[in-house]
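> Sharing a structure below in structure tokens format, with a few things to ask.
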Amino acid sequence: MTRKNKTATTNGNGGPDGDPDCTEVLEDDSRSILMGIIAQLGKGTDLHRVTLPTFVLEPRSMLERITDFMSHPELLLEATTPTDPLDRFIGVVGFFLSGWHIKPKGVKKPYNPVLGEIFRSRWKYANGTEAIYVAEQVSHHPPMSAYHYASPENGIMIQGNLRPKPKFLGNSAATLMEGSSTITMERWNNEQYFITMPNVYARGILFGKMVMELGDSCSVKCPKNGFVCELNFKTKGFFSGQYNAVTGKIKNETTGQVLKEISGTWSNELFIHAPKSSKKQSLFDVKKSTIHPMIVEQEHQQENHESRRLWSKVTDALKRKDMDTATNEKMWIEDKQRADAKERQIQGTQFKSRFFRLNPSTNEYILKSDDNDGVATNIKTLDAFVFGTSSSTSSPSTTNCTPTTKKVDSTMMTATTTTTTTTTTDKNLVAT
Numbered sequence: 014m015t016r017k018n019k020t021a022t023t024n025g026n027g028g029p030d031g032d033p034d035c036t037e038v039l040e041d042d043s044r045s046i047l048m049g050i051i052a053q054l055g056k057g058t059d060l061h062r063v064t065l066p067t068f069v070l071e072p073r074s075m076l077e078r079i080t081d082f083m084s085h086p087e088l089l090l091e092a093t094t095p096t097d098p099l100d101r102f103i104g105v106v107g108f109f110l111s112g113w114h115i116k117p118k119g120v121k122k123p124y125n126p127v128l129g130e131i132f133r134s135r136w137k138y139a140n141g142t143e144a145i146y147v148a149e150q151v152s153h154h155p156p157m158s159a160y161h162y163a164s165p166e167n168g169i170m171i172q173g174n175l176r177p178k179p180k181f182l183g184n185s186a187a188t189l190m191e192g193s194s195t196i197t198m199e200r201w202n203n204e205q206y207f208i209t210m211p212n213v214y215a216r217g218i219l220f221g222k223m224v225m226e227l228g229d230s231c232s233v234k235c236p237k238n239g240f241v242c243e244l245n246f247k248t249k250g251f252f253s254g255q256y257n258a259v260t261g262k263i264k265n266e267t268t269g270q271v272l273k274e275i276s277g278t279w280s281n282e283l284f285i286h287a288p289k290s291s292k293k294q295s296l297f298d299v300k301k302s303t304i305h306p307m308i309v310e311q312e313h314q315q316e317n318h319e320s321r322r323l324w325s326k327v328t329d330a331l332k333r334k335d336m337d338t339a340t341n342e343k344m345w346i347e348d349k350q351r352a353d354a355k356e357r358q359i360q361g362t363q364f365k366s367r368f369f370r371l372n373p374s375t376n377e378y379i380l381k382s383d384d385n386d387g388v389a390t391n392i393k394t395l396d397a398f399v400f401g402t403s404s405s406t407s408s409p410s411t412t413n414c415t416p417t418t419k420k421v422d423s424t425m426m427t428a429t430t431t432t433t434t435t436t437t438t439d440k441n442l443v444a445t
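What follows is the structure in structure tokens.
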């Protein structure tokens with residue numbers, strides 16, 4: 014049995030250089046397990062084929078973790094309203110940057126989804142509208158997750174493909190976040206924003222404190238209006254710098270003119286200002302925001318291949334800190350995946366995605382749908398396609414990924430404070 018890991022001591026701001034949760038100190042036996050695995054690896058090894066110890070796992074699937082970026086919908090809903098295209102672009106950039114602060118304590122990675130695994134959820138907004146999300150693991154070698162979020166009544170859609178590539182780099186491991194997402198605003202003649210991701214690094218896996226960082230560059234682009242935002246997620250230097258720093262420039266893509274600059278930390282507050290101006294405005298403030306509750310079916314009502322039900326025994330064991338049971342349950346899932354793959358090979362069949370299809374013109378997976386090339390423009394149509402039944406027939410549970418603070422008031426959102434478990438007006442919904 015692995016001894017408990019300890020979270021690093023933090024400073025007055027909560028953590029080293031301002032981050033309360035980014036570092037972790039491993040006990041000797043946990044470090045020894047990692048060292049034993051690493052001793053068999055070469056630099057640049059693809060870690061997807063390496064079985065990692067369960068104490069490094071975050072108790073949720075990557076398919077669910079993607080929903081972190083839908084946790085502040087008021088930002089995206091508000092971004093659709095300005096008539097000035099630059100203001101809309103700034104709103105989309107703020108929305109993209111708002112999802113990174115949601116993360117577990119220490120250095121953890123979510124479960125690698127198995128082929129055919131799905132995650133489904135919905136959100137209900139105070140103006141009476143809804144949003145629906147569905148994700149599916151559409152490929153195992155190489156790993157690829159396809160996802161689709163839509164709020165047809167608000168004319169918003171997000172679709173994307175994520176192809177994480179973990180690599181061993183010596184005293185660190187990197188997850189190269191290949192793939193992209195596209196935000197579409199129907200109100201503005203299907204105006205589109207194309208977004209790429211920064212990479213994720215786990216430092217200090219051989220010696221020193223383990224640190225989780227985002228690094229390298231990514232971008233947000235709107236070709237229709239000619240805007241591009243080049244973002245640089247900075248990793249902390251050995252002797253100087255700070256954790257979680259971000260800088261960025263919003264430019265006219267044709268002329269290269271810098272229109273706005275961005276600075277701050279994604280774990281605390283980000284600012285935007287005109288070039289060479291000291292007058293900054295808050296773009297996103299973690300302390301003044303809250304996570305909008307996501308509605309998910311209770312596990313006993315989910316299908317066997319839905320993330321929370323599929324991984325429930327691993328999750329329960331991790332929460333009990335029973336690493337032996339967690340390891341055994343994880344191995345059972347992985348062995349079942351290998352057996353299914355072997356059976357398909359024997360039968361001469363191939364896996365076929367349930368919710369997504371490959372778009373040959375882009376080589377990206379998009380939602381299967383009868384209308385508008387994968388875009389369901391009616392909430393009832395989308396609901397029936399994703400869930401198979403209307404929302405009134407289900408008894409979902411409402412869960413937050415992390416504790417939340419006072420909610421920001423918005424024309425689309427209701428100002429509330431989530432502190433403890435409370436019963437909502439619907440007996441079947443529980444806010445946590």
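Heads up, the working numbering is the position in the sequence shown plus 13, with the first residue counted as 1. Backbone N, C-alpha and C define an ideal beta-carbon position, used for all residues, glycine too.
1) If we call anything under 7 Å between Cβ atoms a contact, is Gly261 one with Cys231?
2) Looking at the structure shown, is His305 part of a helix, part of a strand, or coil, going by DSSP?
3) According to DSSP, what are the bridge partners of Glu371?
4) Would you kindly report the start and end of the unbroken beta strand (DSSP E) that includes Ile131?
5) Is Glu377 near Asn212, with beta carbons less than 7 Å apart?
6) Is there contact here, the region 162-177 with the region 112-121, by at least three beta-carbon pairs under 8 Å?
7) Thinking just about the alpha-carbon of each residue, which of Glu143, Ala139, Tyr138, Glu199 is nearest to the one in Thr94?
8) Leaving aside the five residues before and after Thr197 along the sequence, list all residues of the same chain whose C-beta is less than 6 Å from its C-beta, in chain order.
9) Indicate, with yes or no, if the ligand MN has a heavy atom lying under 6 Å from the CB of Thr142.
10) Please state whether DSSP places Thr36 in a helix, a strand or coil.
11) Mind checking Pro373: buried by the 16 CB within 10 Å criterion, or exposed?
12) Return helix, strand or coil for Val299, following the three-state DSSP convention.
13) DSSP state of Val224, grouped into three classes?
14) Determine the direct distance from the alpha carbon of Leu371 to that of Ser158, and round the result to whole angstroms.
15) Should Gln363 be labelled buried (16 or more other beta-carbon atoms within 10 Å of its own) or exposed?
16) How long is the line joining the alpha carbons of Asp97 and Gly269, rounded to whole angstroms?
17) Could you tell me how far apart the beta carbons of Val271 and Pro288 are, in whole angstroms, since I believe they sit closer than 8 Å?
18) What is the rounded straight-line gap between the Cα of Ser295 and the Cα of Glu143?
19) Suppose the cutoff is 7 Å on Cβ atoms and the five residues either side in sequence are ignored; what does the same chain contact list for Ala330 look like?
20) Near Glu130, what residues of its chain come up, given a Cβ to Cβ distance below 8 Å and the 5 sequence neighbours on each side ignored?
21) For my contact list, Arg135 and Ile308 are in at a C-beta cut-off of 8 Å; report their separation, rounded to the angstrom.
22) Let me make sure I understand the geometry here. Which of Ala258, Thr303, Glu71 has the alpha-carbon closest to that of Pro86?
23) What is the DSSP secondary structure of His114, reduced to helix, strand or coil?
24) So, helix, strand or coil for Thr338, using DSSP?
25) How about Val69 and Val233: do their beta carbons lie closer than 7 Å?
26) Just checking my contact of Asn257 with Thr278 at CB under 8 Å: how many whole Å lie between their CB atoms?
27) Could you check what DSSP says for Ser392 in three-state terms: helix, strand or coil?
28) What is the C-beta distance between Glu71 and Lys137, in whole angstroms, given that I count them as a contact (C-beta under 8 Å)?
29) Can you say whether Ile359 is buried or exposed, counting buried as having 16 or more other CB atoms within 10 angstroms of its CB?
30) By how many angstroms is the C-alpha of His305 removed from the C-alpha of Met426?
31) DSSP state of Leu244, grouped into three classes?
32) Between the Cα of Lys237 and those of Glu316, Phe102, Met223, spot the shortest distance and give me the residue it belongs to.
33) Quick one: what's Ile169 bridged to in DSSP?
According to the structure data:
1) Counting from one through the sequence shown, the residue named residue 261 turns up at place 248. Counting from one through the sequence shown, the residue named residue 231 turns up at place 218. If you check the CB distance, Gly261 and Cys231 do not come in under 7 Å.
2) Position 292 of the sequence shown, counting from 1, holds the residue named residue 305. In the structure shown, His305 sits in coil (DSSP, three-state: anything other than H, G, I, E or B).
3) By one-based count along the sequence shown, residue 371 stands at place 358. Per the sequence shown, residue 371 should be read as Leu rather than Glu. Leu371 is bridged to Tyr378.
4) For the purposes of this step, residue 131 is taken as the residue at position 118 of the sequence shown. Segment 131-137, the beta strand (DSSP E) holding Ile131.
5) Walking along the sequence shown from the start, residue 377 turns up at place 364. Walking along the sequence shown from the start, residue 212 turns up at place 199. Contact annotation: Glu377 and Asn212 have beta-carbon atoms that are not nearer than 7 Å.
6) Using a C-beta cut-off of 8 Å, the region 162-177 makes no contact with the region 112-121, since fewer than three inter-stretch Cβ pairs fall below that distance.
7) Start at 1 with the first residue of the sequence shown, and residue 94 comes out as number 81. In terms of Cα proximity to Thr94, the closest of Glu143, Ala139, Tyr138, Glu199 is Glu199.
8) Stepping through the sequence shown from its first residue, residue 197 is reached at position 184. Result list for Thr197: Met170, Asn203, Gln205, in chain order.
9) The ligand MN is not part of the structure shown, which contains no ligands of any sort.
10) Locating residue 36 in the sequence shown gives position 23, where the first residue counts as 1. The pLDDT assigned to Thr36 is 48, lower than 50, so where the model puts this residue is not dependable; a value taken from the coordinates is nonetheless given after this. In this structure, Thr36 counts as strand in the three-state DSSP scheme.
11) For the purposes of this step, residue 373 is identified with residue 360 of the sequence shown, where counting begins at 1. Result: exposed.
12) One-based indexing of the sequence shown puts residue 299 at position 286. Judged by DSSP in its simplified three-state form, Val299 adopts helix.
13) Taking the first residue of the sequence shown as 1, we reach residue 224 at position 211. Val224 falls in the strand class under three-state DSSP.
14) Here residue 158 is taken as the residue at index 145 of the sequence shown, counted from 1. Here residue 371 is taken as the residue at index 358 of the sequence shown, counted from 1. Approximately 12 Å between the Cα atoms of the pair.
15) As a working note, residue 363 is residue 350 in the sequence shown. Gln363 should be labelled exposed.
16) Start at 1 with the first residue of the sequence shown, and residue 97 comes out as number 84. Start at 1 with the first residue of the sequence shown, and residue 269 comes out as number 256. Linking Asp97 to Gly269 through their CA atoms gives a straight-line distance of about 19 Å.
17) Taking the sequence shown and counting its residues from 1, one reaches residue 271 at position 258. Taking the sequence shown and counting its residues from 1, one reaches residue 288 at position 275. Sure, about 5 Å apart at Cβ, within 8 Å.
18) Numbered from its first residue, the sequence shown carries residue 295 at position 282. Numbered from its first residue, the sequence shown carries residue 143 at position 130. Rounded to the nearest angstrom, the two C-alpha atoms are 28 Å apart.
19) As a working mapping, residue 330 is identified with position 317 in the sequence shown. Excluding positions up to five away in sequence, the list reads Thr338, Ala339, Glu342.
20) The residue labelled residue 130 in the question sits at position 117 within the sequence shown. So the list reads Ser74, Leu76, Glu149, Gln150, His318, Glu319, Ser320, Leu323, once near-sequence residues are dropped.
21) Working through the sequence shown from its first residue, we reach residue 135 at position 122. Working through the sequence shown from its first residue, we reach residue 308 at position 295. Right, their Cβ atoms sit about 5 Å apart.
22) Locating residue 86 in the sequence shown gives position 73, where the first residue counts as 1. Measuring C-alpha to C-alpha distances from Pro86 to each of Ala258, Thr303, Glu71 identifies Thr303 as the nearest.
23) What you label residue 114 is simply residue 101 of the sequence shown in a count that begins at 1. Three-state DSSP puts His114 in coil, outside helix and strand.
24) If you number the sequence shown from 1, residue 338 lands on position 325. Helix at Thr338.
25) The residue labelled residue 69 in the question sits at position 56 within the sequence shown. The residue labelled residue 233 in the question sits at position 220 within the sequence shown. In this structure, Val233 does not lie closer than 7 Å to Val69 by Cβ.
26) Working through the sequence shown from its first residue, we reach residue 257 at position 244. Working through the sequence shown from its first residue, we reach residue 278 at position 265. Correct: roughly 4 Å between the Cβ atoms.
27) Here residue 392 is taken as the residue at index 379 of the sequence shown, counted from 1. In the sequence as presented, Ser is not what sits at residue 392; that position holds Ile. In the structure shown, Ile392 sits in a helix (DSSP, three-state: H, G or I).
28) Along the sequence shown, read from residue 1 onward, the residue named residue 71 stands at position 58. Along the sequence shown, read from residue 1 onward, the residue named residue 137 stands at position 124. Contact check for Glu71 and Lys137: beta-carbon distance about 26 Å, past the 8 Å limit, so the pair fails to qualify.
29) Reading the sequence shown from its first residue, position 346 is the one you call residue 359. Residue environment for Ile359: exposed (fewer than 16 other C-beta atoms within 10 angstroms of its C-beta).
30) On the sequence shown, residue 426 is found 413 positions in, with the first residue counted as 1. On the sequence shown, residue 305 is found 292 positions in, with the first residue counted as 1. With a pLDDT of only 44 at Met426, under 50, the local geometry of the prediction cannot be trusted, and the value read off the model is given with reservation. Met426 and His305: Cα-Cα distance of roughly 9 Å.
31) Here residue 244 refers to the residue found at position 231 when the sequence shown is read from its first residue. Leu244 carries a strand assignment under DSSP once its states are collapsed to helix, strand and coil.
32) By one-based count along the sequence shown, residue 237 stands at place 224. The candidate whose alpha carbon is nearest that of Lys237 is Phe102.
33) Here the question's residue 169 lines up with position 156 in the sequence shown. DSSP lists Ser164, Met198 as partners of Ile169.
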